[in-house]
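K.L.:
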Ligand code: HEM
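Numbering (full-length UniProt numbering), first residue to last: 1 to 399.
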């Protein structure tokens with residue numbers, strides 16, 4: 001049996017529950033949200049550590065905000081990580097499960113690594129950040145979260161190299177079931193995706209912070225300082241981002257025969273971002289646009305990752321377009337309703353945040369938003385009830 005036949009045989013015999021290319025698009029889109037929040041967690045964690053190590057008045061103030069942001073961003077990163085996980089398991093199950101088995105020890109430890117990173121970030125925010133104590137917990141949290149990203153990266157790297165699985169599974173003919181070895185990685189890709197994007201996600205969020213609190217007159221100098229810091233950070237990191245993109249293209253891109261395409265795209269977005277931050281004269285005013293630019297950049301990065309996976313698997317005749325599928329209406333309805341309920345609740349929370357805090361201190365929530373809140377939470381309650389009933393029905397009535 002060759003690699004291509006093996007990959008096809010490892011697909012789910014029931015097929016995908018929906019048209020596979022649509023799931024591929026959702027995979028990229030949801031991964032963009034995931035990577036935005038996890039990189040923001042790393043960026044804010046790093047800033048908090050730096051701010052407490054080299055304090056000035058403003059740095060310390062911002063470091064406290066950053067320490068508070070980290071656990072929130074990790075939480076959102078975990079939640080938004082579940083969605084790409086579902087899609088990757090659905091259309092790339094052969095490669096995802098193989099890489100998770102070959103790296104078994106770490107894919108199980110991953111959960112504890114993330115739990116540790118989150119708990120320590122929370123500990124620092126709650127107990128350490130008010131007076132700069134327990135800095136070790138912030139440092140340990142950063143290391144664990146970075147390590148979680150490293151594990152993710154190794155899983156992705158192993159998954160797109162199926163031609164080497166046998167050699168990793170049984171080196172010299174002896175089976176190694178420990179799953180403890182990091183079989184594959186690419187440093188430029190990791191540097192591009194994690195530390196550099198962490199700085200850029202932080203840079204964008206700092207400008208948004210300025211925008212959110214733009215009407216607070218007593219804090220105007222601090223707010224201006226934060227937003228300018230965001231712009232400067234963006235300006236310094238973007239060229240390095242372009243360089244790391246070039247190195248990623250020259251290594252992994254060339255390995256899979258798309259060095260030019262990857263290089264032009266990644267250098268292109270790095271240079272475009274540099275230009276954007278250079279000409280961004282009013283970072284506070286244009287922060288929403290800056291966020292859009294950054295999300296657009298991440299979409300391009302998500303597409304590059306996907307292109308690398310597609311060309312790698314095309315070598316063995318594996319394609320998402322030919323993945324068998326059969327519409328599973330139960331799953332489709334559950335997914336669609338959950339998305340509608342989730343988006344309604346999120347929209348409500350975002351509007352409350354917008355109308356309550358930054359704009360005016362004593363601002364009132366508008367009746368329309370209140371109504372949306374009532375409807376959204378009502379839908380959420382009804383949806384929980386429905387799940388409970390399905391569970392009871394499946395447990396007691398289905399034989
Ligand atoms: C909190 C720490 C985390 C960090 C720093 C992190 C970082 C990353 C990075 C850097 C990648 C891309 C790897 C590459 O392409 O080389 C990635 C992919 C991914 N992450 Fe995370 N991640 C974290 C947590 C999670 C969690 C908790 C989940 C699931 C619940 C998750 C689900 C995924 C999935 C499914 C992918 C692969 C998507 C694909 O192959 O298209 N991540 N993550």
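Heads up, the beta-carbon is just placed ideally off N, CA and C, and yes, glycines get one too. Everything numeric in this text was worked out from a predicted model, so none of it was measured.
Using DSSP bridges, identify the partner residues of residue 325.
P.N.:
Per DSSP, 16.
K.L.:
Nearest to residue 269 by alpha carbon, out of 259, 286 and 293?
P.N.:
For residue 269, the nearest C-alpha among the options comes from 293.
K.L.:
Nearer than 6 Å: is that true of the beta carbon of residue 303 relative to any heavy atom of the ligand HEM?
P.N.:
Incorrect: residue 303 has no Cβ contact closer than 6 Å to the ligand HEM.
K.L.:
Identify which residue in 220, 151 and 126 has its Cα closest to the Cα of residue 184.
P.N.:
Checked all of 220, 151 and 126; the closest Cα to residue 184 is 151.
K.L.:
Less than 6 Å separating the Cβ of residue 77 from some heavy atom of the ligand HEM?
P.N.:
Yes - the ligand HEM has a heavy atom lying nearer than 6 Å to the Cβ of residue 77.
K.L.:
Comparing the CB of residue 154 with every heavy atom of the ligand HEM, is any distance shorter than 6 Å?
P.N.:
Not under cutoff, so the answer is no.
K.L.:
Straight-line CA distance for residue 180 to residue 97?
P.N.:
Distance between the alpha carbons of residue 180 and residue 97: 15 Å.
K.L.:
If we ignore side chains and look at the alpha-carbon of each, how far apart do residue 130 and residue 354 end up?
P.N.:
The alpha-carbon atoms of residue 130 and residue 354 are separated by roughly 25 Å.
K.L.:
Once the 5 residues before and after residue 199 are set aside, which same chain residues still bring their CB inside 7 Å of it?
P.N.:
Cβ within range, chain order: 43, 233 and 237.
K.L.:
Let me know the secondary structure DSSP gives residue 180 once reduced to three states.
P.N.:
Coil at residue 180, not helix or strand.
K.L.:
Within its chain, find whatever has a CB closer than 8 Å to the CB of residue 68; leave out the 5 residues flanking it on each side and keep chain order.
P.N.:
Same-chain partners within the cutoff: 125 and 129.
K.L.:
Pull up the distance between the alpha-carbon of residue 161 and that of residue 264, whole angstroms please.
P.N.:
Taking the straight line from one Cα to the other gives about 23 Å.
K.L.:
Taking the alpha-carbon of residue 196 as reference, which of 22, 266, 366 and 310 has the nearest alpha-carbon?
P.N.:
Residue 266 is the option with its Cα nearest to residue 196.
K.L.:
Taking DSSP as the reference, what is the three-state secondary structure of residue 312?
P.N.:
Here residue 312 sits in helix by DSSP.
K.L.:
Tell me which same chain residues have a C-beta within less than 7 Å of the C-beta of residue 414, skipping the five on either side of it?
P.N.:
The first residue shown for the chain is 1 and the last is 399, placing residue 414 beyond what the model contains.
K.L.:
On the criterion of 16 or more Cβ atoms from any shown chain inside 10 Å, does residue 186 qualify as buried, or is it exposed?
P.N.:
Under this definition residue 186 is a buried residue.
K.L.:
Answer yes or no: the CB of residue 31 versus the heavy atoms of the ligand HEM, is any distance below 6 Å?
P.N.:
It does: the Cβ of residue 31 is within 6 Å (strictly closer) of some heavy atom of the ligand HEM.
K.L.:
Would you mind sorting residue 80 into buried or exposed? The rule is 16 or more other CB atoms within 10 Å of its CB.
P.N.:
Label assigned to residue 80: buried.
K.L.:
Return the CA-CA distance between residue 279 and residue 271, expressed in angstroms with no decimal places.
P.N.:
Looking at the two C-alpha atoms, the distance is approximately 12 Å.
K.L.:
Check whether the segment 274–289 touches the segment 245–262, counting contact only when three or more Cβ pairs, one atom from each stretch, lie closer than 8 Å.
P.N.:
At 8 Å Cβ cutoff, the stretches do not touch.
K.L.:
Rounded to a whole number of angstroms, what is the C-alpha to C-alpha distance between residue 374 and residue 380?
P.N.:
Spanning the two alpha carbons is a distance of roughly 10 Å.
K.L.:
Between residue 158 and the ligand HEM, is the CB less than 6 Å from at least one heavy atom?
P.N.:
No, the beta carbon of residue 158 sits no closer than 6 Å to any heavy atom of the ligand HEM.
K.L.:
When the Cα of residue 302 is compared with those of 164, 100, 192 and 107, which residue comes out closest?
P.N.:
Checking every option, the nearest Cα to that of residue 302 belongs to 192.
K.L.:
Looking at the structure shown, is residue 283 part of a helix, part of a strand, or coil, going by DSSP?
P.N.:
In the structure shown, residue 283 sits in coil (DSSP, three-state: anything other than H, G, I, E or B).
K.L.:
Is the distance from the Cβ of residue 164 to the Cβ of residue 94 below 7 Å?
P.N.:
For residue 164 and residue 94, no; Cβs fall outside 7 Å.
K.L.:
Evaluate residue 252 with the Cβ neighbour count: other Cβ atoms within 10 Å of its Cβ, from every protein chain shown; 16 or more gives buried, anything less gives exposed.
P.N.:
By the 10 Å Cβ count, residue 252 comes out buried.
K.L.:
With distances taken between CB atoms, is the gap from residue 23 to residue 91 smaller than 7 Å?
P.N.:
Yes, these two residues count as a Cβ contact at 7 Å.
K.L.:
What are the uninterrupted segments assigned as beta strand (DSSP E) that are 3 or more residues long and contained completely in the segment 7–92, given in chain order?
P.N.:
Within the segment 7–92, no complete beta strand (DSSP E) run reaches 3 residues.
K.L.:
Compute the minimum distance between the beta carbon of residue 269 and the heavy atoms of the ligand HEM, and state whether it is under 6 Å.
P.N.:
No - the ligand HEM has no heavy atom lying nearer than 6 Å to the Cβ of residue 269.
K.L.:
Give the single residue among 28, 139, 148 and 320 whose Cα lies nearest to the Cα of residue 108.
P.N.:
That would be 148, whose Cα lies nearest to the Cα of residue 108.
K.L.:
For the alpha helix (DSSP H) holding residue 169, just list the boundary residues, first then last.
P.N.:
From DSSP, the alpha helix (DSSP H) with residue 169 extends over 165–169.
K.L.:
Quick check on the burial criterion: 16 or more other C-beta atoms within 10 angstroms. Buried or exposed for residue 215?
P.N.:
That one is exposed.
K.L.:
So residue 71 packs on residue 321, CB below 8 Å; how close in whole Å?
P.N.:
Not really, about 40 Å apart at Cβ, beyond 8 Å.
K.L.:
Mapping DSSP to helix, strand and coil, what is residue 185?
P.N.:
Correct three-state label for residue 185: coil.
K.L.:
Rounded to a whole number of angstroms, what is the C-alpha to C-alpha distance between residue 307 and residue 153?
P.N.:
Taking the straight line joining both Cα atoms gives about 16 Å.
K.L.:
Give the C-beta separation of residue 168 and residue 123 to the nearest angstrom, bearing in mind that I take them to be a contact with Cβ-Cβ under 8 Å.
P.N.:
Actually they are not in contact, since the Cβ atoms of residue 168 and residue 123 sit about 37 Å apart, beyond 8 Å.
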